[in-house]
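Just below is one structure, and these are the notes that go with it.
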Amino acid sequence: MAESSEGGPRQFSLRPPRSSGTENIPAADAGSTSIDSAESELAEDDVIDLSLERSDSKVVEVLARLDSELVGLLPVKSRIADIASLLLVDKMRRRFGLGSSRPNLHMSFTGSPGTGKTTVALRMAELLHHLGYLRKGHLVAVTRDDLVGQYIGHTAPKTREVLKRAMGGVLFIDEAYYLYRPENERDYGQETIEILLQVMENERDDLVVIVAGYRDRMETFFQSNPGMNSRIAHHIDFPDYSDAELERIAELILNEQGYYLDDDARIAFAEYLTLRRERPHFANARSVRNALERSRLRQASRLLNSEKTVLTKSDLMRIDELDIRASRVFGRVDEAGA
Numbered sequence: 000m001a002e003s004s005e006g007g008p009r010q011f012s013l014r015p016p017r018s019s020g021t022e023n024i025p026a027a028d029a030g031s032t033s034i035d036s037a038e039s040e041l042a043e044d045d046v047i048d049l050s051l052e053r054s055d056s057k058v059v060e061v062l063a064r065l066d067s068e069l070v071g072l073l074p075v076k077s078r079i080a081d082i083a084s085l086l087l088v089d090k091m092r093r094r095f096g097l098g099s100s101r102p103n104l105h106m107s108f109t110g111s112p113g114t115g116k117t118t119v120a121l122r123m124a125e126l127l128h129h130l131g132y133l134r135k136g137h138l139v140a141v142t143r144d145d146l147v148g149q150y151i152g153h154t155a156p157k158t159r160e161v162l163k164r165a166m167g168g169v170l171f172i173d174e175a176y177y178l179y180r181p182e183n184e185r186d187y188g189q190e191t192i193e194i195l196l197q198v199m200e201n202e203r204d205d206l207v208v209i210v211a212g213y214r215d216r217m218e219t220f221f222q223s224n225p226g227m228n229s230r231i232a233h234h235i236d237f238p239d240y241s242d243a244e245l246e247r248i249a250e251l252i253l254n255e256q257g258y259y260l261d262d263d264a265r266i267a268f269a270e271y272l273t274l275r276r277e278r279p280h281f282a283n284a285r286s287v288r289n290a291l292e293r294s295r296l297r298q299a300s301r302l303l304n305s306e307k308t309v310l311t312k313s314d315l316m317r318i319d320e321l322d323i324r325a326s327r328v329f330g331r332v333d334e335a336g337a
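As structure tokens, then:
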């Protein structure tokens with residue numbers, strides 16, 4: 000346990016929360032409601048309008064937005080819907096005086112990069128706000144570098160500052176296992192873990208912590224830090240996207256940007272995905288987005304270096320086969336990117 004300059008256990012007071020910084024990702028309509036300000040208790044013979052509760056909580060609306068934002072991930076979406084349903088029912092039970100302890104909402108998201116973990120965390124923050132479990136419902140996304148200092152006395156203030164920004168919302172710690180470095184007994188990450196454990200227990204009515212990263216590394220992290228594991232209520236695994244899902248993601252990205260793949264380019268892109276999976280640092284939707292950005296660069300160069308004197312709207316929108324196959328994934332040595 001981290002200690003104060005007097006030698007005793009250090010207690011961290013994180014209220015009142017301070018205004019959010021630039022790292023914060025705001026949820027829609029984040030106001031100041033909380034579960035503690037729920038409606039007055041109902042009488043025994045009263046009834047609850049379920050459709051009104053659904054509407055007021057915006058659960059259906061947020062889940063629909065999540066479904067439209069992310070291709071696939073049906074097990075993840077189903078689990079998020081189950082959690083939202085449980086919390087809404089729990090809120091209605093409270094109105095009849097069917098009290099229960101406040102649920103533990105800390106979570107672990109495991110999966111490869113580019114599988115939608117940050118997007119789901121953002122929508123979860125929004126859900127918890129609308130359901131009254133978080134006052135503000137914003138998301139603060141951080142990594143080890145945002146929490147751990149480089150010298151003695153630097154880590155605790157740095158961690159507390161992040162926690163203050165996150166109060167009333169969700170703290171999302173990506174690649175959380177980097178906080179723990181057992182090979183270095185003097186590593187300051189352990190101090191951050193101790194502070195997190197205390198805050199996750201004492202401030203769980205005003206903060207939800209989501210730790211994320213590769214599944215195998217997160218399992219090792221939890222085995223080495225049983226206190227952290229015991230504070231996580233929901234473990235959600237994010238599967239890799241299939242090739243068909245990645246092709247659909249590519250189509251959505253291009254549609255949004257006003258581009259499309261012609262028939263030959265579609266075939267080439269399917270081949271690209273098969274080859275790219277075999278290379279290091281494949282990151283699912285993130286790799287798809289990066290590949291399309293490079294294809295746009297090649298398309299622009301192709302158009303400007305062509306012998307055409309005029310361009311049609313279709314010319315400006317179309318990504319052709321050569322724009323895809325110029326990638327180094329196909330063996331081109333002159334391509335710096337993917």
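Under numbering that gives the first Met the number 0, the first residue of the sequence shown carries the number 0, and numbering increases by one thereafter.
All C-beta atoms in this analysis are idealised placements derived from N, C-alpha and C, irrespective of residue type, glycine included.
Computed from a prediction, not measured in an experiment: that's the story for all the values here.
- Can you grab the Cα-Cα spacing for the pair L253 / Y259, in whole Å? 6 Å
| What are the start and end residues of the beta strand (DSSP E) that includes I209? | 207–212
Return the chain-ordered ranges of every alpha helix (DSSP H) run that is complete within the region 59–101 and spans a minimum of 4 residues. 73–94
(message) Is it buried or exposed, I318, if we count other Cβ atoms within 10 angstroms and call 16 or more buried?
(response) buried
* Would you please state the rounded distance, in angstroms, between the beta carbons of I47 and R94? I believe it to be under 8 Å. => 7 Å
- Name, in chain order, the residues that DSSP records as bridge partners for L260. I318
Quiz prompt | Distance between Q149 and F329 (C-alpha atoms, nearest Å) | solution = 42 Å
Can you list, in chain order, the residues of its chain with a C-beta nearer than 6 Å to that of I231? Leave out the 5 residues immediately preceding and following it. H105, S107
Use the C-beta contact count for E190: other C-beta atoms within 10 angstroms, 16 or more gives buried, fewer gives exposed. buried
Below 6 Å, is the gap between the Cβ of G168 and the nearest heavy atom of the ligand HEM? Absence of the ligand HEM is noted for the structure shown, with no ligands found whatsoever.
Quiz item: Taking only runs of the alpha helix (DSSP H) that begin and end inside the region 173–260, which ones reach a length of at least 4 residues, in chain order?
Solution: 188–201, 214–223, 225–229, 242–256
Q. So A140 is in the beta strand (DSSP E); what residue range does that whole segment cover?
A. 138–141
Buried or exposed, going by whether 16 or more other CB atoms sit within 10 Å of the CB of L338?
It is not possible to answer for residue 338, since the shown part of the chain is limited to 0 through 337.
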